[in-house]
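Engineer: Shown below is the structure under consideration.
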Amino acid sequence: MNIVWGVTGAGHFLKESYEVSKTLAQKHQITTFVSRAGEEVLRMYGLLDKLAGISSGEYLEEIFLESEAGKSFPKTGRFLMRRYDALVISPATSNTVAKIVHGVADSLITNVVAQANKSETPVYIVPVDISGETESPLPYHIDRELCKKCDVCPPKDACPEHAISDQIDLLKCTGCGVCIDLCPYDAIMGGDVRIKIRDVDIRNVEALRSMNGINVLEHPSEILTVL
Ligand SMILES: Cc1cc2nc3c(=O)[nH]c(=O)nc-3n(C[C@H](O)[C@H](O)[C@H](O)COP(=O)(O)O)c2cc1C
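Here the sequence shown is numbered in this note's numbering, starting from 2 and rising by one per residue.
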């Protein structure tokens with residue numbers, strides 16, 4: 002199968018989505034479309050470079066970044082040319098879900114969904130904000146209570162991206178983790194954060210479920226059973 006995988010800027014389910022796409026790539030060709038926020042967030046979690054192992058760059062195995070995709074997203078026209086058999090959006094941010102249910106198609110991923118619907122290509126979406134509360138992984142950050150502001154800061158000196166000052170610049174951080182073991186006070190960490198799901202996001206996911214041509218999945222692993 003020729004599968005399109007859309008990645009939006011959610012930390013939640015990001016690693017799980019990557020693992021599932023890696024498994025699928027053993028049997029299928031995968032083209033990856035990445036939103037602007039998705040590109041940043043993938044980098045923060047150390048996953049952006051790893052995507053190259055999934056979509057090699059060959060025809061129908063490319064990676065398309067929204068930051069390089071123009072305003073009219075010409076590559077999404079491939080859906081209308083029936084080049085793809087299925088579209089997966091995982092993880093799908095609450096932002097992207099909200100746009101899809103309102104018919105907005107002004108970003109790479111929402112446009113991909115619109116073109117998939119117009120070409121009657123099956124769409125599978127894994128929203129991150131479904132109901133209740135959730136635990137989401139944090140990118141690396143400095144615990145201000147543990148940081149002693151040492152004159153010589155080994156993590157800062159070792160960071161290949163020069164992303165560390167009195168905080169970590171997440172737009173530079175690539176999540177490589179080199180810094181973690183170098184702080185003598187263990188002040189650099191990842192960890193999880195608890196998030197309450199907003200009512201509006203719950204309603205939007207319900208609206209998404211009722212849309213023709215769209216299948217809502219609860220977890221990225223379900224993709225392996227439907228494709
Ligand atoms: C580290 C990080 C993690 C994020 N995780 C989520 C998330 O789990 N769910 C979500 O809806 N937005 C999350 N966001 C916010 C989105 O990236 C932001 O709303 C963005 O505008 C979404 O754009 P997109 O839908 O085009 O990808 C996160 C942002 C950052 C910096």
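C-beta: ideal position from N, C-alpha, C; glycine also.
Is any heavy atom in ligand 1 found nearer than 8 Å to the beta carbon of residue 13?
Structural biologist: Within the cutoff, so yes.
Engineer: Does residue 116 come out as helix, strand or coil in the three-state DSSP assignment?
Structural biologist: Helix at residue 116.
Engineer: Which one of 120, 90 and 131 has the shortest CA to CA distance from residue 111?
Structural biologist: The candidate whose alpha carbon is nearest that of residue 111 is 90.
Engineer: Among 200, 189, 92 and 176, which one has its Cα closest to the Cα of residue 134?
Structural biologist: Among 200, 189, 92 and 176, the Cα nearest to that of residue 134 is on 200.
Engineer: Measuring CA to CA, which of 151, 188, 162 and 138 is closest to residue 46?
Structural biologist: It is 138 whose Cα lies nearest to the Cα of residue 46.
Engineer: Can you pull the DSSP bridge partners for residue 195?
Structural biologist: Answer is 136, bridged to residue 195.
Engineer: Report the residue ranges of all beta strand (DSSP E) runs contained in full by the region 122-192; include only those spanning at least 3 residues, in chain order.
Structural biologist: Those beta strand (DSSP E) runs which fall completely within the region 122-192 and span 3+ residues are 124-128 and 134-138.
Engineer: What are the partner residues of residue 66, as DSSP defines its beta bridges?
Structural biologist: Per DSSP, 35.
Engineer: Which of the three DSSP states is assigned to residue 91 in this structure?
Structural biologist: Looking at residue 91 - three-state DSSP - the assignment turns out to be strand.
Engineer: For residue 70 and residue 36, I'd like the C-alpha separation in whole angstroms.
Structural biologist: Those two C-alpha atoms are separated by around 10 Å.
Engineer: Which residues does DSSP list as the beta-bridge partners of residue 30?
Structural biologist: In DSSP, residue 30 forms a bridge with 3.
Engineer: Measuring only the C-alpha atoms, how far is residue 212 from residue 168?
Structural biologist: Approximately 43 Å between the Cα atoms of the pair.
Engineer: Determine whether the beta carbon atoms of residue 140 and residue 95 lie at a separation below 9 Å.
Structural biologist: Against a cut-off of 9 Å, the Cβ pair of residue 95 and residue 140 comes out as no contact.
Engineer: Identify every residue that forms a DSSP beta bridge with residue 224.
Structural biologist: Its beta-bridge partners do not exist; DSSP assigns none.
Engineer: Can you pull the DSSP bridge partners for residue 215?
Structural biologist: DSSP lists 124 as partners of residue 215.
Engineer: State the start and end residues of the unbroken alpha helix (DSSP H) segment that holds residue 208.
Structural biologist: Looking at the DSSP string, the run of the alpha helix (DSSP H) that includes residue 208 is 200-210.
Engineer: At a threshold of 8 Å, does residue 153 count as lining ligand 1 (C-beta to nearest heavy atom)?
Structural biologist: Checking the Cβ of residue 153 against ligand 1 gives no.
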